[in-house]
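Chains B and Y, in that order, give the protein sequences. Per my numbering, the first sequence starts with residue 1, numbered consecutively. Per my numbering, the second sequence starts with residue 220, numbered consecutively. Quick reminder that beta carbons are idealized off the backbone N, C-alpha and C, glycines included. Encoded as structure tokens, the structure appears first; notes follow it.
Protein chains: 2
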Amino acid sequence: MRPDTADTPQFSPRQNEVLEQALRLLVEGGDKALTTSGLARAASCSKESLYKWFGDRDGVLAAMIAYQASKVRTADRSGEKLTEQLLKQHLEQFGRDLLEVLGGDVSLALNRLAIGQTSRDGSKLGKLLVEHGRRQIDRRAMALMDAGKRAGLLRFENADAAYHTFYGLIVSDLHVRMLLGEPGLKDNSRQAERAVEAFLALHGVEQKTADALRVSAGR
Amino acid sequence: MRPDTADTPQFSPRQNEVLEQALRLLVEGGDKALTTSGLARAASCSKESLYKWFGDRDGVLAAMIAYQASKVRTADRSGEKLTEQLLKQHLEQFGRDLLEVLGGDVSLALNRLAIGQTSRDGSKLGKLLVEHGRRQIDRRAMALMDAGKRAGLLRFENADAAYHTFYGLIVSDLHVRMLLGEPGLKDNSRQAERAVEAFLALHGVEQKTADALRVSAGR
DNA sequence: CCTCTCAGGTACCGTACGGTACGGTTCTGG
DNA sequence: CCAGAACCGTACCGTACGGTACCTGAGAGG
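What follows is the structure, encoded as structure tokens:
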């Protein structure tokens, strides 16, 4: 991983405006609705400008991903002294945020777009999406893992593996199901709580007998 | 859930042949490569026949899903008397099979197709895919859960929730990443073993201190 | 031998998209 | 005031797709 300096090319305000419209079109009508003509009309710009700014249609798609990622800034409030309660709260907050992000209109639309194009573009968009979209959230999670371990509240050999375990407990197959059109959960908080409970039973330092979580079942 | 009687409309041998070619085209070139003309050429049939058999292009896609699902038959060898070792083996086998299925060419291609179309068809294909594709595997998993509980080897309140926990431990975000073009794991077995270990720590009856699994980390 | 049905091959049509070219308009800098 | 750039709107082009129509050949049944 490179030290990632300011790697956001950033676009002009006018271009951001256009990309915003592009996202709207994508969310509303999916891949097919995002035509160059349609975008030009919706954004009140000329097709020529689109091609000048973004090169071609794929360039627009890539720019949309970069733009959307640039909007997400996770405020990590590290530096606090972690207590068990605090760690639990942060983990639950992370779970709620993750579920909310993954279930968001724009995220789903962009993921659908990238997945739909994976077969024919050598997963260029997919790579972009994973890198740009995931980096923030991954960083936050890893910071939490490390902080928990340093505070003696979490135990694991491999922070990455622990994080993926946590991720699986939170999301399970929900992401794919939402991508396939199913509605999200009614209660993200509940799901986050259960995931944290299980995660702490696996990697927490306090020996919960893992019985507590068995009574909290119900999907 | 309805008792699902023989609900496979089933197609003629000739039609299966055509659907096989359709799957091949889809796997090789994705959505865009699966044109009616291309399929007719590849399968040596006329477009008119395609439209007579499947109605329209969407009909072909739906038929492909039904056809692919009809090929998968999981042999559930229930009836054995479960021991702890046997349960563990079955769980691990399930995990391996699940990872293999999800990472398979055809599965990925069909999921990409359905996800790509979700925005513009009201998730008709997505529903089809979840129902047809998932039913077998879900049934097998739930049978395992129930058997484990009846044998006194597993503890949970809600079998469905326990299954989803297990699923999340096995798959995590791997499915979505593969859909986005990342290569699969090098070692599915290892992943399955770790998932089972964690699952048993959460829902197994024997009180593992949950320390054992911490040494098995490494992704 | 005749006929009817089914399916393959081909040509065709309308449409809609990606991409380009051009004329007109506004903004900027000197 | 003027020159140049940037940009909008529109018209245009080639292409490729979904879907339809027509013709041909091969069997099936009488």
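Over what stretch of residues does the alpha helix (DSSP H) that includes residue i continue unbroken?
| i | result |
| --- | --- |
| B/R194 | N188 to H203 |
| B/F94 | E84 to G103 |
| Y/A381 | A378 to V390 |
| B/L128 | K124 to R150 |
| Y/Q234 | P232 to G248 |
| Y/G257 | T255 to A262 |
| B/K52 | K47 to F54 |
| Y/V279 | R276 to K290 |
How should residue i be labelled, buried or exposed, when 16 other C-beta atoms within 10 angstroms of its C-beta is the threshold for buried?
| i | result |
| --- | --- |
| B/V205 | exposed |
| B/A75 | exposed |
| Y/S338 | buried |
| Y/G314 | buried |
| B/S189 | exposed |
| B/A59 | The sequence as given places Gly at residue 59 of chain B; Ala does not occur at that position. Per the 10 Å Cβ criterion, exposed. |
| B/T83 | exposed |
| Y/D392 | buried |
| B/K186 | exposed |
| B/Q21 | buried |
| Y/R296 | exposed |
| B/E80 | exposed |
| B/E197 | buried |
| B/G133 | buried |
| B/G30 | buried |
| Y/R358 | exposed |
Just to confirm, are residue i and residue j a CB contact at a threshold of 8 Å?
| i | j | result |
| --- | --- | --- |
| B/L180 | Y/S326 | no |
| Y/K266 | Y/A259 | yes |
| B/L87 | B/L153 | yes |
| B/A103 | B/M178 | Note that residue 103 of chain B corresponds to Gly in the displayed sequence, not to Ala. A contact, by the Cβ cut-off of 8 Å. |
| Y/L310 | Y/Q410 | no |
| B/V27 | B/A162 | no |
| B/Y67 | B/F11 | yes |
| Y/L269 | Y/T255 | yes |
| B/R17 | B/A43 | A quick correction: the sequence has Glu, not Arg, at residue 17 of chain B. Result yes, Cβ atoms of B/E17 and B/A43 sit closer than 8 Å. |
| Y/N330 | Y/L348 | yes |
| B/Q136 | B/V72 | yes |
| Y/L344 | Y/A288 | no |
| B/F166 | B/A147 | no |
| Y/W272 | Y/Q308 | no |
| Y/L421 | B/A151 | no |
So for residue i, helix, strand or coil by DSSP?
| i | result |
| --- | --- |
| B/L180 | coil |
| B/L174 | helix |
| Y/L327 | helix |
| Y/L373 | strand |
| Y/T337 | helix |
| Y/D223 | In this prediction, Y/D223 has a pLDDT of 42, which is less than 50 and means its spatial position is unreliable; nothing more can be read from the coordinates. |
| Y/L332 | helix |
| B/A33 | helix |
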